[in-house]
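Structure record follows, encoded as structure tokens.
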Amino acid sequence: MNYMVILVVDDPDRCDSVLDAWDAAGARGVTILESTGLARMKRAAQRDDMPLIPSMARLLSVREERHRTLFSVVQGEEMVEKLSAAAQAVLGDLSQPHTGFLFAVPVSHVVGLSAED
Numbered sequence: 245m246n247y248m249v250i251l252v253v254d255d256p257d258r259c260d261s262v263l264d265a266w267d268a269a270g271a272r273g274v275t276i277l278e279s280t281g282l283a284r285m286k287r288a289a290q291r292d293d294m295p296l297i298p299s300m301a302r303l304l305s306v307r308e309e310r311h312r313t314l315f316s317v318v319q320g321e322e323m324v325e326k327l328s329a330a331a332q333a334v335l336g337d338l339s340q341p342h343t344g345f346l347f348a349v350p351v352s353h354v355v356g357l358s359a360e361d
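Once you know that position 68 of the sequence shown is 312 in this note's numbering, the rest is easy, because the numbers rise by one and skip nothing.
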């Protein structure tokens, strides 16, 4: 059975390391999306300390308010477990805050993804 593995990476700077780990684990293709969560949007909206015209240094020092969401369609639960283990080897225990979260869902129909991809 095919599964879609979805991983939300809290720290965008760690995304490349996760991609390398997933590649080494056998992921044939990974799609990367810039994303953000509701809590981060609320925190950003509550900021009232930003000047009307911020300096370049201030803009560069503000932590990025985005996540990276990775997803990959894989074959079999064994590959789901490999990608989960690879992600946690890079990010740490995903049950801890500010690491990310991963889930997998069964995919009943796939078009355009060949065994060679």
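Every residue gets a Cβ at the ideal spot worked out from N, C-alpha and C, and that includes glycine.
Hey, V253 and L327: beta-carbon distance below 8 Å or not?
no
In three-state terms, what does DSSP make of Q332?
helix
For T343, count neighbouring Cβ atoms within 10 angstroms of its own Cβ and tell me buried if that reaches 16, exposed if not.
buried
With 8 Å as the threshold, decide whether the Cβ of V354 is near any Cβ in chain B.
The chain labelled as chain B is not found in the depicted structure, where only one protein chain is given.
Below 8 Å, how does it come out for the stretch 274–284 and the stretch 248–264: are there three or more Cβ pairs, yes or no?
yes
Whole-angstrom C-beta distance between S339 and W266, which should lie under 8 Å
Incorrect: roughly 20 Å between the Cβ atoms, too far for contact.
Throw me the rounded Cβ distance for the Y247 and V349 pair, which I believe falls under 8 Å.
7 Å
Local conformation of S339 per DSSP, three classes:
coil
Among residues of its own chain, excluding the 5 on either side of L357, which ones have a beta-carbon nearer than 7 Å to its beta-carbon?
V317
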